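In this note's numbering, the protein residues as written are 754 to 1205.
Quick notes on the structure that follows.
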Amino acid sequence: MSRMGEIESAEALEQGLARALARAGRQAPEGLRRLTGGATMESWRFSSGGEDYVLRRAPSLSFMEGRPFGHESEAAIIRAAHGAGVTAPEVIVELEPGDGIGSGFVMRALSGTPDPRAILQMGDPDRLLREVARDLAGIHGLQRAALPSDVPEMDYAEAVEELAEQFAEAGGDRPIIALGLKWLRDNLPARVEPVLNHGDYRLGNLLAEDSHLTGVLDWELAHFGDRHEDLAFGCMAVWRFARVDRPALGLGSLQDYVDAYEAESGATVDARRFRFWLVYRTVWWALGCLRMASFWRSGDDRMLERVVISRRTSEQELDLLLLLEEEAPEEEQARPVPPAEKKLEPLGEASVGEIATAVSEWLATVKDRMEGHDRFQLAVARNALGMIARGDSIEVEFDDELLACELLEGGRSLATPGLLAMLRRTALDKLAADVPKYPMLALARAKWTGED
């Protein structure tokens, strides 16, 4: 069987998919097209017998290595959730080795859009937030007996140490992440009776239509653990998108979300545990972004998105600093941020940044000739070129292995004179080069420097 990353034609995929559909009594697929997005898994939409379906599969066999469970168990979790009234998709059939197209499963397509920006423009975000809380309570209410036996339970201490190992493997040279890891070790909560966590419950993995929740997608990270982890994850700044003023999934206030969840679940939300998991997941996603570059370097997945997502680490570093700075001494919080240092305007031959800008401008002229995933990839390519251009124009040091080590070991902290101000400057400059449109950048710049 070919590695999934090496399948060269839609015909090969259609033939394998037809074999799988036949087992479920469905007709051969028509109109197969790849959907954009998805940081790890591919999604393909198609019709069969006049109905719409989605195939979910891994882009490379290597992506399934080291995972706690495979697509068969993921499909079983979705079936259990669907059967319990959660707005999860209906799973139709799982792929088998004989299908020749790797690992995955087919689901009935649901109505609604996953586009966070479209969802955030819907007319009744309060109602949608209540439905989101309702479904999360339903997920947390699923019983172990109804779920596959290989769904893991998170050990909090082991999870934090795994993050520390990932940090070391990635070079261990990002001081803000080191600061976050030290905080997690110092604030580890006691174990509570675990519930099933979706593991990725946030805008981008939710479908909505007319301010109603219509689907919960992407269950590959499901595990048993603290319910506060799921609650906090959707409230990370990165998943609020443009609505940073609405802490609960960009839809509303944290209090409204907690009230709705408590009413549906009968559980009480603990603010301290919520904060721990908010910090944990911010560190987790920072390292998840960082690891995307290693996937690309290994050759297992040479998709352009991998290297671009790796630079989104700076989003999480800024968000993490905004969370942790609350515990710095008042005099350090009040200390002015050093001014940014800018490089001199280039003279003579074109600079690296100017070349990147020129290529990006040319790509803009061919955008209208692209369709589907190619058009999406072109936009990603232009983002990558923008990172090069902006990074070339800013003088900033943002990797420091020695400082990161001292922070991780407690030799320095946010009480160290001038350290917070320096980290703020670093976070602002790095993010300005990587993702200048990230909504939290403007908020942090205004808070830390008074600039618009």
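Glycine residues also receive a C-beta, built at the ideal position from the N, C-alpha and C atoms.
A quick note: this is a predicted structure, and the numbers were derived from the prediction, not measured.
Residues Leu-1057 of the same chain have their beta carbon placed closer than 7 Å to that of Gln-1130, with the five preceding and five following residues left out of the count.
The stretch 1180-1187 makes no contact with the stretch 936-952: fewer than 3 CB pairs, one atom from each, lie closer than 8 Å.
In the three-state reduction of the DSSP assignment, Arg-861 falls in the strand class. Judged by DSSP secondary structure, Phe-1048 falls within the alpha helix (DSSP H) whose first and last residues are 1024-1051. Across the structure, Ala-1195 and Leu-966 are spaced so that their CA atoms are roughly 30 Å apart. The continuous stretches of beta strand (DSSP E) do not include Ser-1018, which lies in the alpha helix (DSSP H) extending over residues 1007-1018. Annotation for Arg-786: the continuous beta strand (DSSP E) segment containing it runs 783-787. One thing to note: Arg-772 has its Cβ no nearer than 9 Å to the Cβ of Gly-857. For Leu-1184 and Ala-862, the gap between their C-alpha atoms comes out near 37 Å.
Between the alpha carbons of Arg-1135 and Val-1112 lies a distance of about 8 Å. Here Phe-920 is not near Ala-985, since their CB atoms are 9 Å or more apart. In this structure, Ala-834 places its C-beta atom within 9 Å of the C-beta atom of Trp-972. Remark: C-beta atoms of Val-846 and Arg-776 approach each other more closely than 9 Å.
Contact check between the stretch 871-889 and the stretch 823-832: fewer than three CB pairs, one atom from each, fall below 8 Å, which does not count as touching.
With contact defined as three or more Cβ pairs closer than 8 Å, the stretch 1000-1017 and the stretch 1029-1048 are not in contact.
Within the model, the alpha-carbon separation for Ser-864 versus Pro-842 is close to 10 Å. Glu-906 and Phe-977 do touch by the CB rule: their CB atoms are close to 4 Å apart, below 8 Å. With a beta-carbon spacing of about 19 Å, Pro-1091 and Ala-1168 fall beyond the 8 Å limit used to define contacts. When C-beta atoms of the stretch 1064-1080 are compared with those of the stretch 1029-1038, three or more pairs fall below 8 Å, so the two segments count as touching.
If you look at Tyr-909, you'll find it in the alpha helix (DSSP H) that goes 909-922.
When the beta-carbon positions are compared, Arg-999 and Ser-1006 come within less than 9 Å of each other.
Counting C-beta pairs closer than 8 Å gives three or more between the stretch 1057-1073 and the stretch 924-935, which meets the contact rule. Judged by DSSP in its simplified three-state form, Gly-851 adopts helix. Comparing alpha-carbon positions, the option among Glu-1162, Arg-786, Arg-1165, Asp-979 lying closest to Ala-1020 turns out to be Asp-979. Residue pairing by DSSP puts Ser-800 in a beta bridge opposite Glu-783, Asp-805.
Boundaries of the alpha helix (DSSP H) around Glu-764: 763-776. Less than 9 Å separates the beta-carbon of Tyr-1010 from that of Leu-882.
In this structure Pro-782 is buried. Its beta-carbon is surrounded by 16 or more other beta-carbon atoms within 10 angstroms. Inter-residue distance for Gly-855 and Met-1045 is about 22 Å (C-alpha atoms, whole angstroms). Taking C-beta separations shorter than 7 Å and ignoring five residues to either side along the sequence, Asp-868 has no partners in its chain. Taking 9 Å as the cut-off, the beta carbon of Ile-872 is found closer than this to the beta carbon of Ala-961. When DSSP states are grouped into helix, strand and coil, Leu-960 belongs to the strand group. In the displayed model, His-951 falls within coil according to three-state DSSP, outside both helix and strand. Rounded to whole angstroms, the Cβ separation of Arg-779 and Gly-803 is 11 Å, and the two are not in contact under 8 Å. For Leu-1074, the uninterrupted alpha helix (DSSP H) run begins and ends at 1066-1077, by DSSP. The C-alpha of Trp-797 is placed about 5 Å away from the C-alpha of Leu-808.
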